[in-house]
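Read through the structure below, which is laid out as structure tokens, and then see the notes.
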Amino acid sequence: MNELYTPPPHNIDAEQALLGAMLVDNRSYDRVATFLEPVHFFDALHGRIYEAAGKLITEGRTVTPVTIKHLFDDDPALREVGGATYLARLAGAASTIINAEEYGRTVHELAIRREIIQIAGEIDERARFATAADDPAAMVEEADVKLAALLVHGQSGGMEAAGMAGRRVVDGAALAYQFGRPTGLSTYLPSLDAMTGPLRAGGLFIVGGATSMGKSALAQQIVFENAQNFRVDEAGTRIEGARVLLFSNEMSADDVVARLIAQLSGVPADRISDGRFTEAEFARISDAQDAIDTLPFWIDDTRGLKIAQLRARARLARRRHKIDLVVVDHLHWVKANDPRLGREERIDQVVEEHKAMAGELGIPVIALAHLNREAMKRVNRRPQLSDFMGSSAIEKAADSVVFVHREEYYLEREEPEDGTAEYLKWQEAMSRWQGLAELIQAKGRGRKGAGKRIVRFDGAQTRFEEMAAEDQEALAL
Numbered sequence: 034m035n036e037l038y039t040p041p042p043h044n045i046d047a048e049q050a051l052l053g054a055m056l057v058d059n060r061s062y063d064r065v066a067t068f069l070e071p072v073h074f075f076d077a078l079h080g081r082i083y084e085a086a087g088k089l090i091t092e093g094r095t096v097t098p099v100t101i102k103h104l105f106d107d108d109p110a111l112r113e114v115g116g117a118t119y120l121a122r123l124a125g126a127a128s129t130i131i132n133a134e135e136y137g138r139t140v141h142e143l144a145i146r147r148e149i150i151q152i153a154g155e156i157d158e159r160a161r162f163a164t165a166a167d168d169p170a171a172m173v174e175e176a177d178v179k180l181a182a183l184l185v186h187g188q189s190g191g192m193e194a195a196g197m198a199g200r201r202v203v204d205g206a207a208l209a210y211q212f213g214r215p216t217g218l219s220t221y222l223p224s225l226d227a228m229t230g231p232l233r234a235g236g237l238f239i240v241g242g243a244t245s246m247g248k249s250a251l252a253q254q255i256v257f258e259n260a261q262n263f264r265v266d267e268a269g270t271r272i273e274g275a276r277v278l279l280f281s282n283e284m285s286a287d288d289v290v291a292r293l294i295a296q297l298s299g300v301p302a303d304r305i306s307d308g309r310f311t312e313a314e315f316a317r318i319s320d321a322q323d324a325i326d327t328l329p330f331w332i333d334d335t336r337g338l339k340i341a342q343l344r345a346r347a348r349l350a351r352r353r354h355k356i357d358l359v360v361v362d363h364l365h366w367v368k369a370n371d372p373r374l375g376r377e378e379r380i381d382q383v384v385e386e387h388k389a390m391a392g393e394l395g396i397p398v399i400a401l402a403h404l405n406r407e408a409m410k411r412v413n414r415r416p417q418l419s420d421f422m423g424s425s426a427i428e429k430a431a432d433s434v435v436f437v438h439r440e441e442y443y444l445e446r447e448e449p450e451d452g453t454a455e456y457l458k459w460q461e462a463m464s465r466w467q468g469l470a471e472l473i474q475a476k477g478r479g480r481k482g483a484g485k486r487i488v489r490f491d492g493a494q495t496r497f498e499e500m501a502a503e504d505q506e507a508l509a510l
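To convert, count from 1 in the sequence shown and add 33; that's the working numbering.
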């Protein structure tokens with residue numbers, strides 16, 4: 034027995050009503066142009082009329098059935114329904130433009146439903162006829178990306194009354210006054226906060242540096258501190274700390290948590306993994322694990338994610354866990370959506386998508402970034418913006434850029450022969466930089482500009498600590 038055909042969800046009346054409203058009053062187009070596209074129309078002819086009318090309206094021209102009909106003289110679909118008479122009938126049936134946006138929403142929502150049905154059909158077909166070479170996990174990821182894209186595609190937003198933004202600014206100022214600290218997230222490293230200010234919603238914050246400088250350690254420290262200090266008021270509103278999602282492309286989740294246990298317990302990570310600890314130390318290790326069980330902290334250590342997949346996972350975490358901060362370690366390991374792009378284009382896309390993710394989720398995003406090899410060949414190895422792989426994209430998209438630099442790392446690998454003049458200079462430099470790290474701000478929006486702070490670096494605990502102001506001044510930097 035043949036199954037009855039059920040047409041995809043659509044509403045021709047809504048499409049006609051919207052087009053009629055546009056032909057009567059061109060201002061109707063402005064009410065839907067931010068989210069509605071020609072492809073959203075079920076009737077392809079309606080999509081072409083919408084596209085042509087929208088183009089003329091955008092150019093500042095008046096659109097009526099008379100001014101637009103010549104564009105469809107050779108359109109067989111329009112001739113089939115009456116030609117210019119059909120356009121006039123659309124306009125004549127329009128009773129009001131007040132509901133134009135509602136018509137547009139109806140058309141858009143039905144288009145999304147049709148896309149869901151199409152994606153579901155593709156999933157069904159792939160699953161039914163999959164071969165041994167087809168990875169089920171990859172199939173799930175592909176479906177996840179397509180479905181997540183529907184949440185962003187055609188979303189409204191953008192323009193709002195200045196007063197709404199003003200109220201948010203004043204409310205933020207009131208909270209800052211009430212709690213004695215600015216709105217946004219703290220890094221819990223005062224020297225860094227002094228340079229960058231709070232990590233504000235929608236901001237992209239880049240932590241850069243050469244290999245082994247401590248980028249991951251700094252980012253994880255910010256993650257740990259925010260998770261440990263997270264608290265809400267009686268209404269459930271966050272007042273301190275953050276719920277955090279860490280994308281760790283270099284370290285496994287076990288390695289990340291091992292570092293946190295080491296910091297909380299005071300027992301070095303290598304001794305924990307080797308089982309070299311006392312009973313008292315093991316008690317501290319167990320206490321640290323108990324504390325971690327309560328933290329609002331999630332880790333995704335999946336390798337090889339495309340930026341669309343990463344955004345989809347962050348979006349899901351935002352909905353499920355109400356995360357307040359995303360950290361990506363690091364962005365050069367994230368793949369572009371289109372592998373056919375050139376190297377620079379791939380980096381550009383990944384960086385721009387990180388910034389878009391911060392704006393979409395309405396939370397800060399911290400992304401780590403490597404330097405190119407040429408930067409390490411200079412006499413002065415302190416990093417600068419042009420040293421990034423994909424420097425132009427990072428400089429353009431980032432709200433703040435901070436470099437981590439440890440001169441000690443290089444000096445340890447350049448020890449000259451003992452007893453020489455060079456050795457004495459080396460000893461002096463080692464004495465100066467041992468156990469220290471420089472935090473260098475190369476870019477900051479809304480701050481005073483570039484700056485530099487010196488902090489202590491505990492290699493055994495992979496942790497940065499504050500340095501007294503007088504000690505910083507003594508270094509005369």
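A virtual CB, placed ideally from N, CA and C, is assigned to each residue, including glycine. Note that this is a predicted model, so its numbers are computed, not measured.
Using CA coordinates, which residue listed in the options is at the minimum distance from residue i?
{"i": "residue 102", "options": "121, 87, 94", "result": "121"}
{"i": "residue 284", "options": "267, 277, 273, 363", "result": "363"}
{"i": "residue 331", "options": "232, 54, 360, 279", "result": "279"}
{"i": "residue 493", "options": "56, 301, 392", "result": "301"}
{"i": "residue 340", "options": "313, 334, 371, 316", "result": "371"}
{"i": "residue 353", "options": "277, 172, 98", "result": "277"}
{"i": "residue 59", "options": "37, 91, 80", "result": "91"}
{"i": "residue 334", "options": "366, 502, 231", "result": "366"}
{"i": "residue 105", "options": "119, 94, 95", "result": "119"}
{"i": "residue 306", "options": "406, 292, 271, 254", "result": "292"}
{"i": "residue 271", "options": "458, 356, 312, 224", "result": "356"}
{"i": "residue 342", "options": "374, 225, 172, 232", "result": "172"}
{"i": "residue 108", "options": "126, 45, 80", "result": "80"}
{"i": "residue 502", "options": "224, 89, 113, 148", "result": "224"}
Less than 8 Å between the CB atoms is what I'm expecting for residue i and residue j, so what's the real figure, rounded?
{"i": "residue 141", "j": "residue 68", "result": "6 Å"}
{"i": "residue 241", "j": "residue 472", "result": "Contact flag wrong, Cβ pair sits at about 11 Å."}
{"i": "residue 252", "j": "residue 399", "result": "6 Å"}
{"i": "residue 470", "j": "residue 438", "result": "7 Å"}
{"i": "residue 495", "j": "residue 321", "result": "Actually they are not in contact, since the Cβ atoms of residue 495 and residue 321 sit about 15 Å apart, beyond 8 Å."}
{"i": "residue 486", "j": "residue 228", "result": "6 Å"}
{"i": "residue 62", "j": "residue 47", "result": "In fact, because the Cβ distance is near 15 Å, the residues do not count as touching under 8 Å."}
{"i": "residue 232", "j": "residue 216", "result": "Going by Cβ atoms, the distance from residue 232 to residue 216 rounds to 10 Å, so no, they are not a contact pair."}
How would you label residue i, buried or exposed, when you count the other beta carbons within 10 angstroms and need 16 or more for buried?
{"i": "residue 416", "result": "buried"}
{"i": "residue 490", "result": "buried"}
{"i": "residue 397", "result": "buried"}
{"i": "residue 51", "result": "buried"}
{"i": "residue 162", "result": "exposed"}
{"i": "residue 150", "result": "exposed"}
{"i": "residue 174", "result": "buried"}
{"i": "residue 53", "result": "buried"}
{"i": "residue 410", "result": "exposed"}
{"i": "residue 295", "result": "buried"}
Excluding the five sequence neighbours on either side, which residues of its own chain have a C-beta within less than 6 Å of the C-beta of residue i, listed in chain order?
{"i": "residue 441", "result": "466, 467"}
{"i": "residue 110", "result": "78"}
{"i": "residue 482", "result": "The predicted position of residue 482 is uncertain, since its pLDDT is 48 and thus under 50; a value taken from the coordinates is nonetheless stated next. So no residue of the chain qualifies."}
{"i": "residue 146", "result": "42"}
{"i": "residue 248", "result": "240, 242, 401, 437"}
{"i": "residue 392", "result": "235"}
{"i": "residue 368", "result": "339"}
{"i": "residue 434", "result": "239, 475, 476"}
{"i": "residue 452", "result": "none"}
Please say whether residue j and residue i have beta carbons closer to each other than 7 Å?
{"i": "residue 137", "j": "residue 65", "result": "yes"}
{"i": "residue 43", "j": "residue 183", "result": "no"}
{"i": "residue 401", "j": "residue 218", "result": "no"}
{"i": "residue 273", "j": "residue 264", "result": "yes"}
{"i": "residue 176", "j": "residue 156", "result": "yes"}
{"i": "residue 281", "j": "residue 290", "result": "no"}
{"i": "residue 234", "j": "residue 395", "result": "yes"}
{"i": "residue 345", "j": "residue 390", "result": "no"}
{"i": "residue 180", "j": "residue 431", "result": "no"}
{"i": "residue 117", "j": "residue 56", "result": "no"}
{"i": "residue 328", "j": "residue 260", "result": "yes"}
{"i": "residue 443", "j": "residue 449", "result": "no"}
{"i": "residue 361", "j": "residue 256", "result": "no"}
{"i": "residue 497", "j": "residue 297", "result": "no"}
Report all residues from its chain with a CB closer than 7 Å to the CB of residue i; omit the five preceding and five following residues, and keep chain order.
{"i": "residue 500", "result": "487, 488, 489"}
{"i": "residue 134", "result": "64, 65"}
{"i": "residue 189", "result": "In this prediction, residue 189 scores a pLDDT of 44, lower than 50, which makes its location untrustworthy; no coordinate-derived value is stated."}
{"i": "residue 426", "result": "380, 381, 384, 385"}
{"i": "residue 336", "result": "282"}
{"i": "residue 84", "result": "71"}
What residues in its chain sit with their C-beta under 8 Å from that of residue i, if we drop five residues either side in the sequence?
{"i": "residue 98", "result": "56, 117, 120, 121, 123, 124"}
{"i": "residue 418", "result": "424, 427, 428, 434, 475, 476"}
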